[in-house]
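First comes the structure, then the notes that go with it.
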Amino acid sequence: MTPVPDPVAHNIEEHKFRLRSFKDLAAIADTNTQLFDVIGQIQLITGANLHSPTTMEKTPEVESSRSKDRVFLHLQMKDGETIRIYLWGSIAGKFRARWNQAETKPVVLLITTVNPKTNGSAFSVSSTSATRLFF
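Each residue of the sequence shown is one higher than the last, beginning at 0 in numbering that gives the first Met the number 0.
What follows is the structure in structure tokens.
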């Protein structure tokens with residue numbers, strides 16, 4: 000990992016996003032009261048048909064009502080914490096399409112309008128119908 004000096008010149012105005020730290024996200028997990036945005040470095044990507052150009056290709060069998068179109072990410076945040084991100088349905092399909100179209104794979108990902116949750120003792124965020132992706 001190459002450290003990026005702070006501040007970095009960029010064209011994204013921070014006030015247009017609700018970026019929060021891991022601590023802030025963990026504090027509201029499972030409340031379903033607020034949706035936040037997260038930004039970080041991609042550490043791991045897995046998913047059904049990640050390298051498939053279309054979601055129409057046959058996906059692996061999954062249990063009962065679990066989505067057949069999903070992508071699972073590990074994202075390292077600025078504060079050093081790594082969070083699990085679950086992308087579902089059309090958002091997973093959009094991620095897959097953009098990932099496969101990229102000549103140079105993106106390292107930083109901004110995901111908007113995610114829902115913080117706990118899965119057992121593990122903290123994660125899940126996409127919603129309003130989630131947007133920025134590479």
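C-beta: ideal position from N, C-alpha, C; glycine also.
Give the single residue among the options whose Cα lies nearest to the Cα of residue i.
i, options, result
"residue 18", "31, 36, 26, 27", "36"
"residue 134", "109, 30, 118, 78", "109"
"residue 76", "42, 91, 113, 26", "42"
"residue 141", "124, 40, 119", "Outside the shown range of the chain, which is 0 to 134, sits residue 141, and nothing can be said about it."
"residue 98", "120, 45, 130, 119", "45"
"residue 122", "23, 16, 15", "23"
"residue 89", "131, 15, 120", "131"
Mapping DSSP to helix, strand and coil, what is residue i?
i, result
"residue 60", "With a pLDDT of only 48 at residue 60, under 50, the local geometry of the prediction cannot be trusted, and the value read off the model is given with reservation. Residue state, collapsed to three classes: coil."
"residue 116", "strand"
"residue 88", "helix"
"residue 78", "coil"
"residue 131", "coil"
"residue 54", "At residue 54 the pLDDT is 42, less than 50, meaning the model places this residue with poor confidence; the figure from the coordinates comes in the next sentence. Note: residue 54 maps to coil in three-state DSSP."
"residue 101", "coil"
"residue 126", "coil"
"residue 95", "helix"
"residue 23", "helix"
My assumption, with CB atoms under 8 Å, is that residue i sits in contact with residue j. Please give the rounded CB distance.
i, j, result
"residue 27", "residue 115", "6 Å"
"residue 112", "residue 34", "5 Å"
"residue 70", "residue 91", "4 Å"
"residue 21", "residue 82", "6 Å"
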